[in-house]
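Here's the structure, in structure tokens; my notes come after.
Residue numbers (the numbering used here): 39 to 297.
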């Protein structure tokens, strides 16, 4: 878990981002970082005066890769868990150390952001700031597991986002302009024109299956086992808190069978 924050076209953007980051500091206490129009700082305060800033707080479980990430003309923050990041890394020769780096490189290499997202297996919420074009893209996984909230004032044109609603509220932003991002949409904010636009994403198509009861049970079991495997494949030890209901008991049984 980690926290992502951004403030754009605010006179006191850095101050606001610092305050918002502090309000959700429990999402990541290992390190924090800021990127504004002209610099990147990890575990240090950033210079005041910029109207645009990205911020990130990190809880590191595996490879320690602080954010924001910089690549070409882009700055990037993400809260993600990609199950196929190693496959994408090897296939595309990204030479990345973790899933966030793969996500950034994959977004920049693909012909469209939607195409890149369709090739991901996992959950995510991210912001990509292209400093050359002045576009900020905001997205989350199609199911909406990873949270992200945004603020947009159509009069002033100011735009902000955060992993939690209370981070935005902590800086005094009007609640009437705060919304949770619809996972079926991408947001694009133009820093120069101060306009916000939406891009629709296609949701899953559920196809009718003509299977016998035995085939259905077998197929469902395989899907569930694969789903569990990809989530624990990197774990040396696994612990499970469960209520004793059917779903959690099944998880406990499958994990035990996997050793």
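Yeah, the Cβ is synthetic: ideal placement off N, Cα and C, and Gly gets one too.
Alpha helix (DSSP H) segment containing residue i, residue limits
i, result
"residue 144", "137 to 147"
"residue 43", "That residue, residue 43, is in no alpha helix (DSSP H); its beta strand (DSSP E) goes 40 to 46."
"residue 242", "Neither: residue 242 is in no alpha helix (DSSP H) and is coded neither H nor E."
"residue 78", "Not the alpha helix (DSSP H): residue 78 falls in the beta strand (DSSP E), residues 78 to 80."
"residue 52", "51 to 61"
Residue i versus residue j - alpha carbon distance
i, j, result
"residue 77", "residue 93", "12 angstroms"
"residue 286", "residue 121", "21 angstroms"
"residue 252", "residue 258", "10 angstroms"
"residue 116", "residue 280", "29 angstroms"
"residue 90", "residue 154", "26 angstroms"
"residue 269", "residue 119", "9 angstroms"
"residue 44", "residue 241", "27 angstroms"
"residue 51", "residue 232", "15 angstroms"
"residue 109", "residue 195", "27 angstroms"
"residue 234", "residue 226", "6 angstroms"
"residue 229", "residue 148", "23 angstroms"
"residue 255", "residue 67", "43 angstroms"
"residue 56", "residue 250", "57 angstroms"
"residue 145", "residue 288", "36 angstroms"
"residue 237", "residue 113", "21 angstroms"
"residue 72", "residue 111", "16 angstroms"
"residue 296", "residue 275", "12 angstroms"
"residue 189", "residue 166", "16 angstroms"
"residue 41", "residue 248", "43 angstroms"
"residue 169", "residue 261", "41 angstroms"
"residue 74", "residue 191", "21 angstroms"
"residue 355", "residue 187", "This structure cannot settle anything about residue 355, because the visible part of the chain is limited to 39 through 297."
"residue 87", "residue 193", "22 angstroms"
"residue 107", "residue 293", "35 angstroms"
"residue 178", "residue 200", "12 angstroms"
"residue 53", "residue 127", "36 angstroms"
"residue 48", "residue 105", "21 angstroms"
"residue 209", "residue 172", "24 angstroms"
"residue 266", "residue 82", "38 angstroms"
"residue 290", "residue 272", "17 angstroms"
Residue i in three-state terms, based on DSSP
i, result
"residue 288", "helix"
"residue 281", "coil"
"residue 120", "strand"
"residue 132", "coil"
Delimiting residues of the beta strand (DSSP E) encompassing residue i
i, result
"residue 264", "Not the beta strand (DSSP E): residue 264 falls in the alpha helix (DSSP H), residues 251 to 270."
"residue 70", "69 to 74"
Inset, instruction - Scan the region 89 to 116 and note each continuous alpha helix (DSSP H) run of 4 residues or more that stays entirely inside, going in chain order. - result: Entirely contained in the region 89 to 116, not one alpha helix (DSSP H) run reaches 4 residues.
Inset, instruction - Report the residue ranges of all alpha helix (DSSP H) runs contained in full by the region 148 to 233; include only those spanning at least 4 residues, in chain order. - result: Runs of the alpha helix (DSSP H) spanning 4 or more residues and lying entirely within the region 148 to 233 occur at 151 to 156 and 203 to 207, in chain order.
Inset, instruction - Check whether the region 204 to 224 touches the region 176 to 185, counting contact only when three or more Cβ pairs, one atom from each stretch, lie closer than 8 angstroms. - result: Output reads yes: the region 176 to 185 touches the region 204 to 224.
Inset, instruction - Give a yes or no on contact between the region 191 to 207 and the region 55 to 62, applying the rule of three or more CB pairs nearer than 8 angstroms. - result: With the rule of 3 Cβ pairs closer than 8 angstroms, the region 191 to 207 counts as touching the region 55 to 62.
Inset, instruction - State whether the region 126 to 139 contacts the region 68 to 88, with contact taken as three or more CB pairs (one from each stretch) at a distance under 8 angstroms. - result: Segments in contact, no.
Inset, instruction - Take every Cβ of the region 136 to 144, pair it with every Cβ of the region 159 to 178, and state whether three or more of those distances are shorter than 8 angstroms. - result: Look at the beta carbons and you see the region 136 to 144 touching the region 159 to 178: at least three pairs across the two are nearer than 8 angstroms.
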